[in-house]
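K.L.:
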Amino acid sequence: MTIKDTDRLTKLMALRLECLSGIRDLSIKQRELIEVGEIGQLLRLLSAKQRLLLRMGDADQQLKPFLTQDPEQRPWRNKEDRGRCAKMADLCDLLLKQVMEQERQCEELLSKRRDGVARQLHELGVRKSTHDAYSRQDSESLNMLDLSTD
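For the sequence shown, counting from 1, position 45 maps to 635 in my numbering; every step adds exactly one.
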C-alpha cells in the first residue's frame, strides 16, 4: 500500500459521501412527493436517485480492496488526511442509516396509499354493481306490459 492508494481511498470516500448526501436529499423529497401523490415527479426523482445509487455502487466496488486492509498499516500524507477520511467514513455510516430510515418511511407511505386506492376501487366496484343491478331491474320493468284491468 502506498500514499497514492490512500489518496485514492480518500477520493472514493468523498465520492461515496457525495452520493449518499444526494440520495438522502432525494429521499426526503421522495417522501414529500408520495405524501402529495405527485407520481410523475416521483418517477423522475427515482430515476435521478437510481443514477446516484449506481455511482455509489461503483465507488463501493472500488473500495472493496481497502476493506481487507488493516487501517493502521495505511500510509497517509499526514494525520489530517487520515482524520478527514475517517470522518467521511463516519458521515457515510450516518447518512446510510438516515437513507434507510427514509426508505422505510416511504415504503410505509406507499403501502398506505396503495391500500387506500384498493379500498376506493373496491367501493367503486360495489357501487357499480349496485347501480347495474338497479339499472337491470328498471329496464326489466320497463319492458313489461301490464295488461291487467282494474
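Ideal Cβ positions, reconstructed from N, Cα and C, are used throughout, including at glycine.
Please classify residue 660: does DSSP put it in a helix, a strand, or coil?
P.N.:
coil
K.L.:
What is the DSSP secondary structure of residue 673, reduced to helix, strand or coil?
P.N.:
helix
K.L.:
So, are the CB atoms of residue 614 and residue 695 less than 8 Å apart?
P.N.:
no
K.L.:
Looking at the secondary structure, which residues open and close the alpha helix (DSSP H) in which residue 621 lies?
P.N.:
Its alpha helix (DSSP H) spans residues 593–626.
K.L.:
Between residue 648 and residue 713, what straight-line distance do the alpha-carbon atoms span, to the nearest angstrom?
P.N.:
47 Å
K.L.:
Does the stretch 594–605 come close enough to the stretch 651–658 to have 3 or more Cβ pairs within less than 8 Å?
P.N.:
yes
K.L.:
Just checking, does the stretch 618–627 make contact with the stretch 658–672 on the three C-beta pairs under 8 Å criterion?
P.N.:
no
K.L.:
Using three-state DSSP, classify residue 703 as helix, strand or coil.
P.N.:
If DSSP states are grouped into helix, strand and coil, residue 703 belongs with the helices.
K.L.:
Quick one: using the 10 Å Cβ neighbour count with 16 as the cut-off for buried, is residue 591 buried or exposed?
P.N.:
Residue 591 counts as exposed, since fewer than 16 other beta carbons sit within 10 angstroms of its beta carbon.
K.L.:
Using a Cβ-Cβ cutoff of less than 7 Å, which residues in the same chain neighbour residue 618 once the five nearest sequence positions on both sides are dropped?
P.N.:
692
K.L.:
As a quick exercise: from 612, 652 and 666, pick the residue whose alpha carbon is nearest that of residue 636.
P.N.:
The shortest C-alpha separation from residue 636 is found at 612.
K.L.:
Using the Cα positions of residue 685 and residue 710, report the straight-line distance between them to the nearest angstrom.
P.N.:
Whole-angstrom Cα-Cα distance: 37 Å.
K.L.:
What's the C-alpha gap between residue 682 and residue 644?
P.N.:
Roughly 16 Å between the two C-alpha positions.
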